[in-house]
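Numbering (the numbering used here), first residue to last: 20 to 292.
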C-alpha cells in the first residue's frame, strides 16, 4: 500500500502523530505515577524503617512532598545519639530538597523530649537511595556509619484510595500512629487508630484506641463520631474527629486535627490491597 500526501497533508499527519505520542507518554507517566512534577516524589516519598546495628535502635523515616521542590521529613528513633538518653518522644524534622542525586534535609531540628521541649538545630542530613532495593540511607551524625532504611509503604493505586493500614509519625510529640481504615459498604468508613502516645491519655497504655466513623465530603474523608479509650475498660469518651486528605502521591494522606498550628500527620499506606 502506498501513501500519497501533499506537503500540507504531511505536516498535518506529522502533527497528529506527535500529539498521539505525547498523549501516550503522558498516560504512561500518569499510570506510573511520575507525571506532573511527581517523578521525584515517587522516587523519595514513603515510610522507611531500619535498625542501627551498633546500638540496636529502631529508626523510622517519613518523607512526603511539600511542594514541587521540597519535602517534609520526620525521623523517629528509639535512640538519638545526640540526645542524652533514649526518649520515646525524641523526633527530628525539617524541610528537604533535591541536590544532584541526593535528598538533603537542611538544618533539621531535634526534639529530644518532643516538640513541647527545647529543640536543637543540627547539621544537614544527606539521603541517598537505591531504587532496586527500595532502600534509603544516610550517615550517622556521630561516627559517619551508614544507616539504611527499607521502605514499607506500598504506594500502589487501588479501587478504594482510602482503605488500608497506615503508619505515620507525629512531628509534634514523636508518637507513632497506626491507622486501619475499612469500608462499611454503605459509603461510610470505620477508622481505628493506635498510637504509642495519645496526648489526652495520662500515660501510654497498650489498650488505648480511638474509633471513628467517616464519610467522603468534598474529596476528603471526614470523621464524624470519634470515641476514645485510654485503658482496658469498656468506657469510651468523645474526642474531636479528624479530616483526611490525599496529598497527590498514591498511598499517602494527611491527617488534620486539633489546633491549626499543630504539625500535620502524614500517613503512609503499608498494606498492599
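Every residue, glycine too, gets a C-beta built ideally from N, C-alpha and C.
Using three-state DSSP, classify residue 296 as helix, strand or coil. This structure gives no information on residue 296, because the portion of the chain shown stretches from 20 to 292.
Contact criterion: CB-CB distance below 9 angstroms. Does residue 185 meet it with respect to chain C? Among the protein chains of the structure shown there is no chain C, as only one such chain exists.
Between the C-alpha atoms of residue 244 and residue 114, what's the straight-line distance to the nearest angstrom? If I take the Cα positions, the gap works out to 34 angstroms.
Check whether the stretch 255 to 265 and the stretch 161 to 171 are in contact - that is, three or more C-beta pairs closer than 8 angstroms. No: fewer than three Cβ pairs fall under 8 angstroms.
Pull up the DSSP beta-bridge partners for residue 132, would you. The secondary-structure analysis by DSSP pairs residue 132 with nothing; it has no beta-bridge partner.
What is the rounded straight-line gap between the Cα of residue 95 and the Cα of residue 112? Using only the alpha carbons, I get a separation of about 9 angstroms.
Per DSSP, residue 69 forms a beta bridge with which residues? Residue pairing by DSSP places residue 69 opposite 78 in a beta bridge.
Which of the three DSSP states is assigned to residue 284 in this structure? Correct three-state label for residue 284: strand.
Give me whichever residues DSSP pairs with residue 255 in a beta bridge. Beta-bridge pairing links residue 255 to no other residue.
Just checking, does the stretch 145 to 156 make contact with the stretch 222 to 236 on the three C-beta pairs under 8 angstroms criterion? No, because fewer than three Cβ pairs between the stretch 145 to 156 and the stretch 222 to 236 fall closer than 8 angstroms, the two stretches do not touch.
Uninterrupted alpha helix (DSSP H) stretches inside the stretch 207 to 256 (no shorter than 4 residues): DSSP runs (the alpha helix (DSSP H)) wholly in the stretch 207 to 256: none.
May I have the straight-line CA-CA distance separating residue 246 from residue 212, to the nearest angstrom? Residue 246 and residue 212: Cα-Cα distance of roughly 10 angstroms.
With DSSP collapsed to three states, give me the class of residue 62. DSSP places residue 62 within a helical segment (H, G or I) once states are collapsed to three.
State the DSSP-derived secondary structure class of residue 168, mapped to helix, strand or coil. Strand at residue 168.
Beta-bridge pairing of residue 147 - partner residues as DSSP gives them: Residue pairing for residue 147: DSSP places it in a beta bridge opposite 156.
What do you get for residue 189, buried or exposed, if any count of 16 or more other CB atoms within 10 angstroms of its CB means buried? Of the residues assessed, residue 189 falls on the buried side of the cut-off, its CB having 16 or more other CB atoms within 10 angstroms.
Could you check if residue 88 is buried or exposed, using at least 16 other CB atoms within 10 Å of its CB as the buried criterion? Exposed, because fewer than 16 other Cβ atoms sit within 10 Å of the Cβ of residue 88.
Quick check on this structure: which residue in 173, 101, 198 has the alpha carbon closest to the alpha carbon of residue 328? Here the chain covers residues 20 to 292 and nothing more, so residue 328 does not appear.
For residue 109, does the count of other Cβ atoms within 10 angstroms reach 16, so buried, or fall short, so exposed? Buried, by the Cβ-count rule.
Could you spell out the range, first to last residue, of the beta strand (DSSP E) harbouring residue 17? With the chain covering only 20 through 292, there is no way to say anything about residue 17.
Supposed close pair residue 168, residue 69 - CB separation, criterion 8 angstroms: Right, their Cβ atoms sit about 4 angstroms apart.
Pop quiz: residue 265 and residue 255 are said to be a contact at Cβ under 8 angstroms. What is the actual Cβ separation, rounded to whole angstroms? Not quite, the Cβ-Cβ distance comes to about 29 angstroms (not below 8 angstroms), so this is no contact.
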